[in-house]
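**Q** One structure, as structure tokens, below. Some questions next.
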Amino acid sequence: MSEEFIKSLDPRVSRMQMPADINEQPLQKEELDQLVTYQVFMQKKEGKNFEHAGIVHAPTQELALLYAKEQYSRRFTCSGMAVAETSAVLASPVTDGGLSVYELLEGPAPETDGPAEAYEVFHLMKRGKQHEHAGSVEAATVEEAFLKAKESLTPEKPVLNIWLVRRSDLLTIDEEDKDIWQTLPEKGYRDAVAYKASDRLKEFKEKN
Amino acid sequence: MYGGGNTFEKLQGTDLQQEDPQQLAEFEARIQRGEKIEPSDWMPQLYRKQLIRMIEQHGHSEIIGALPEGTWITRAPGFKRKLSLMAKVQDEVGHAQLLYAAAETLGKPREQMISDLVNGKSKYSNIFNYPAFTWADACTISWLVDAGAIVNQLANSRGSYGPYCRALERICAEESFHLKYGHHAVTYLATGTAKQREMMQAALNRWWGPLMHFFGPPDKMSVHSETLMRWKVKMASNDDMRQQFLDMYVPKIYELGLSIPDPKLKKNEESGKWEYTEPDWDEFKRVINGDGPCNKERLAVRRTAEERGKWVREALKASARKYVAPLA
Ligand SMILES: [Fe+2]
Ligand SMILES: [Fe+2]
Ligand SMILES: [Fe+2]
Numbered sequence: 001m002s003e004e005f006i007k008s009l010d011p012r013v014s015r016m017q018m019p020a021d022i023n024e025q026p027l028q029k030e031e032l033d034q035l036v037t038y039q040v041f042m043q044k045k046e047g048k049n050f051e052h053a054g055i056v057h058a059p060t061q062e063l064a065l066l067y068a069k070e071q072y073s074r075r076f077t078c079s080g081m082a083v084a085e086t087s088a089v090l091a092s093p094v095t096d097g098g099l100s101v102y103e104l105l106e107g108p109a110p111e112t113d114g115p116a117e118a119y120e121v122f123h124l125m126k127r128g129k130q131h132e133h134a135g136s137v138e139a140a141t142v143e144e145a146f147l148k149a150k151e152s153l154t155p156e157k158p159v160l161n162i163w164l165v166r167r168s169d170l171l172t173i174d175e176e177d178k179d180i181w182q183t184l185p186e187k188g189y190r191d192a193v194a195y196k197a198s199d200r201l202k203e204f205k206e207k208n
Numbered sequence: 209m210y211g212g213g214n215t216f217e218k219l220q221g222t223d224l225q226q227e228d229p230q231q232l233a234e235f236e237a238r239i240q241r242g243e244k245i246e247p248s249d250w251m252p253q254l255y256r257k258q259l260i261r262m263i264e265q266h267g268h269s270e271i272i273g274a275l276p277e278g279t280w281i282t283r284a285p286g287f288k289r290k291l292s293l294m295a296k297v298q299d300e301v302g303h304a305q306l307l308y309a310a311a312e313t314l315g316k317p318r319e320q321m322i323s324d325l326v327n328g329k330s331k332y333s334n335i336f337n338y339p340a341f342t343w344a345d346a347c348t349i350s351w352l353v354d355a356g357a358i359v360n361q362l363a364n365s366r367g368s369y370g371p372y373c374r375a376l377e378r379i380c381a382e383e384s385f386h387l388k389y390g391h392h393a394v395t396y397l398a399t400g401t402a403k404q405r406e407m408m409q410a411a412l413n414r415w416w417g418p419l420m421h422f423f424g425p426p427d428k429m430s431v432h433s434e435t436l437m438r439w440k441v442k443m444a445s446n447d448d449m450r451q452q453f454l455d456m457y458v459p460k461i462y463e464l465g466l467s468i469p470d471p472k473l474k475k476n477e478e479s480g481k482w483e484y485t486e487p488d489w490d491e492f493k494r495v496i497n498g499d500g501p502c503n504k505e506r507l508a509v510r511r512t513a514e515e516r517g518k519w520v521r522e523a524l525k526a527s528a529r530k531y532v533a534p535l536a
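Here the protein sequences line up with chains A and B, keeping their order.
The first sequence begins at 1 in the numbering used here and counts up one residue at a time.
The second sequence begins at 209 in the numbering used here and counts up one residue at a time.
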């Protein structure tokens, strides 16, 4: 019995031997088949703050960092990246009407004697913009970390949303491997400025 | 890349009467003030559903749009063109990831979006159901289909949903490379040998119809689409975007000594509007409903990738994880 395959203009697609009735049975992907998500934070230039860039779906944190580099640093400069699983990001509520989310937090921080951990603090200053790294705090609990951030990091302008990420939940590139970000010279062909057709067009117009 | 003409039809169970009037008023006031909506904000059901649908369709268009161009990478003339086209196709797939992520913030997992795509439940830009016969077709897509997509995406980037705007900001920055690359490639064919010019003209003739379809059927303003415009979900009418596209690109096509296969096409100097032969909307409907030259192949390729790549995803999948929707 000969099975019928989809014929394409592209011989490689024909060679995939896709049965002609391939889409007749519905396909239902299972939960997590696309893996979990990681939040990506990116430093565009040395000396600038890390900013939220977006997410990647990945099976492990190491691969998340690799995918993030591929997805978010294809163009322009990048001098650092860090990834954390989405479930590791501790988010405050979002406020508005000029109210800073820090005003919702009542201090002082409760006394705790557990071991302190480092938290990275990210602020959203305007709706539609990115969360930006504002600093770090040492705290024994999440609650304490929020309150310590209030004490040490409150900027003049209202903060609409806070994200806390334990430093131990973030993966980044080691200081000695930083040269992996020196990719600018080899990605010129990805930029619009590399494509100048005006001379060719001018010459053509003059001839015709 | 992306075509307009996405469908904004009546959705069930999304009556505005069922929404809390106070929350609805606050939501609308926020949009009026020009503020963006963030995922954790209250939003009407209709807003959520239409945005999911629109952003998801946009994502699918990027993925499926990468197929006709992707098949030309190995046959692109010379190393430089291969490199550029590969970079462009990689961008398009990256755009899909950004868009799926934005849609995920509204509560629809990526698994479900992909299932709906291969099952034909959600749409993608109709133009990708047409084949790229020659290298010149691939160049036409890179230049003019992307040009249309940019008109659409720039309009949408002024919309009200924060995560979609953030994704579009990245996307639009990359599209400027696609546009310049596409124009460069078309220019070299159009100003090349007689055979190259002929090939370029033939490709343009094939794509003109689908390009005129690209922004969707002519406007019929319904109450429904007024609501979506007020909420800054739909940012420009199909006809306005089509006019903008013609304004920007017809002169650039003529400049290359190419002609456009529509004898009626001309700008009415009085009204400032382009007049053209009404594209075949029956064909548009037929193709969008599955009966186009490549619909079957496009979905089959996507499904095959899904099926044949499953063992890799299985092998990578860590156990005991739980799904958390992206936050922004
Ligand atoms: Fe593009
Ligand atoms: Fe595109
Ligand atoms: Fe794109």
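Where a beta carbon is used, it is the ideal one built from N, C-alpha and C, also for glycine.
Note that the structure is predicted; figures quoted are calculated from it, not measured.
1. Tell me B:LYS296's beta-bridge partners as DSSP assigns them.
2. Does A:ARG127 get closer than 8 Å to chain B when you measure Cβ to Cβ?
3. Confirm, please, whether the CB-CB distance from A:ARG190 to B:ALA295 is below 8 Å.
4. State yes or no: is the C-beta of B:ILE239 within less than 8 Å of the C-beta of B:GLY370?
5. Report the CB separation of B:ALA275 from B:ALA284 in whole angstroms; it is logged as a contact under 8 Å.
6. So B:LEU419 contacts chain A; which residues on that side make the cut at Cβ distance below 7 Å?
7. By DSSP, does A:LYS157 sit in helix, in strand, or in coil?
8. Whose Cβ in chain B lies nearer than 7 Å to the Cβ of A:TYR119?
9. Counting only C-beta atoms, is A:LEU27 closer than 8 Å to chain B at any point?
10. Are B:SER248 and A:VAL142 closer than 8 Å when you measure CB to CB?
11. My output table needs one value for B:GLU277: the three-state DSSP class, helix, strand or coil.
12. Going by the C-beta, is B:HIS303 closer than 7 Å to any heavy atom of ligand 3?
13. Have a look at A:TRP163, A:ILE22 and A:MET81 and flag the residue whose alpha-carbon is nearest the alpha-carbon of A:ILE180.
14. Do A:HIS131 and ligand 1 come close, with the Cβ less than 7 Å from some heavy atom?
15. I'd like to know if B:MET209 contacts chain A, where contact means its C-beta is closer than 8 Å to some C-beta of that chain.
16. Only counting the same chain, and skipping five residues up and downstream in sequence, which positions put a Cβ closer than 8 Å to that of B:GLN226?
17. Using DSSP's beta-bridge definition, name the partner residues of A:LYS69.
18. Quick check on the burial criterion: 16 or more other C-beta atoms within 10 angstroms. Buried or exposed for A:MET1?
19. Quick check on DSSP: helix, strand or coil for B:SER350?
20. Indicate the three-state DSSP secondary structure (helix, strand or coil) for A:VAL137 in the structure shown.
21. Taking the continuous beta strand (DSSP E) assigned at A:VAL121, which residues delimit it?
22. Taking the alpha helix (DSSP H) that A:LEU90 falls in, what are its first and last residues?
23. Which residues in chain B have a C-beta closer than 8 Å to the C-beta of A:THR60? List them in chain order.
24. Roughly how many angstroms lie between the CA atoms of A:SER8 and B:MET251, to the nearest whole one?
25. When you compare the CB of A:ARG166 with every CB in chain B, is at least one pair closer than 8 Å?
26. Just how far apart, CA to CA, sit A:GLU156 and A:LEU164?
27. Using a C-beta cutoff of 8 Å, does B:GLN305 count as contacting chain A?
28. Going by the beta-carbon positions, is the gap between B:GLY307 and B:ALA375 smaller than 8 Å?
29. Grouping DSSP H, G and I as helix and E and B as strand, with all else coil, what is B:LYS518?
30. Quick check: the segment 46-53 of chain A against the segment 122-140 of chain A, are there 3 or more CB pairs under 8 Å?
31. Give the interface partners of B:ASP249 over in chain A, defined as CB-CB distance under 8 Å, in chain order.
32. Expressed to the nearest angstrom, what Euclidean distance is found between the alpha-carbon atoms of B:MET209 and B:GLY400?
33. Could you tell me the alpha carbon to alpha carbon distance between B:ILE349 and A:SER73, rounded to whole angstroms?
34. Could you tell me whether any Cβ in chain B is nearer than 8 Å to the Cβ of A:PHE204?
35. Would you kindly work out how many angstroms separate the C-alpha atoms of B:THR282 and B:LYS290, rounded to a whole number?
36. List the residues of chain B whose Cβ lies closer than 8 Å to the Cβ of A:GLU31, in chain order.
**A** According to the structure shown:
1. Beta-bridge pairing links B:LYS296 to no other residue.
2. It does; some Cβ of chain B falls within 8 Å.
3. The Cβ atoms of B:ALA295 and A:ARG190 sit closer than 8 Å to each other.
4. Not a contact, by the Cβ cut-off of 8 Å.
5. Residue identity differs from the one stated: residue 275 of chain B is Leu in this sequence, not Ala. With a Cβ gap of about 15 Å, B:LEU275 and B:ALA284 do not count as contacting.
6. Near B:LEU419 there are no residues of chain A at all, since even the closest Cβ is about 20 Å away, more than 7 Å.
7. coil
8. The contacting residues do not exist; A:TYR119 stays about 16 Å from chain B at best.
9. Interface residue, yes.
10. no
11. Under the three-state reduction of DSSP output, B:GLU277 falls in the helix class.
12. yes
13. For the residues A:TRP163, A:ILE22 and A:MET81, the minimum Cα distance to A:ILE180 belongs to A:MET81.
14. Result no, Cβ not under 7 Å from ligand 1.
15. In this prediction, B:MET209 scores a pLDDT of 39, lower than 50, which makes its location untrustworthy; no coordinate-derived value is stated.
16. GLN253
17. Per DSSP, none; premise fails for A:LYS69.
18. Summary for A:MET1: the model assigns pLDDT 44, below 50, so the residue's position carries little reliability; its value from the coordinates is reported in the next sentence. Classification for A:MET1: exposed.
19. helix
20. Of the three classes helix, strand and coil, the one that applies to A:VAL137 here is strand, per DSSP.
21. It spans 117-124 - the beta strand (DSSP E) in which A:VAL121 sits, taken as one unbroken run.
22. Per DSSP, A:LEU90 belongs to no alpha helix (DSSP H); it is in the beta strand (DSSP E), 89-91.
23. LEU524 and ALA526
24. Computed Cα separation, rounded: 44 Å.
25. Interface flag for A:ARG166 against chain B is unset, since no Cβ pair is found closer than 8 Å.
26. 19 Å
27. yes
28. In the sequence as presented, Gly is not what sits at residue 307 of chain B; that position holds Leu. Result yes, Cβ atoms of B:LEU307 and B:ALA375 sit closer than 8 Å.
29. helix
30. yes
31. VAL94
32. Any answer about B:MET209 is weak, because its pLDDT of 39 lies below 50 and its placement is not dependable; what the coordinates show is given next. B:MET209 and B:GLY400: Cα-Cα distance of roughly 27 Å.
33. Note on geometry: alpha-carbon atoms of B:ILE349 and A:SER73 lie some 25 Å from one another.
34. yes
35. Straight-line Cα distance between these residues: approximately 7 Å.
36. PRO317, GLU319 and TYR531
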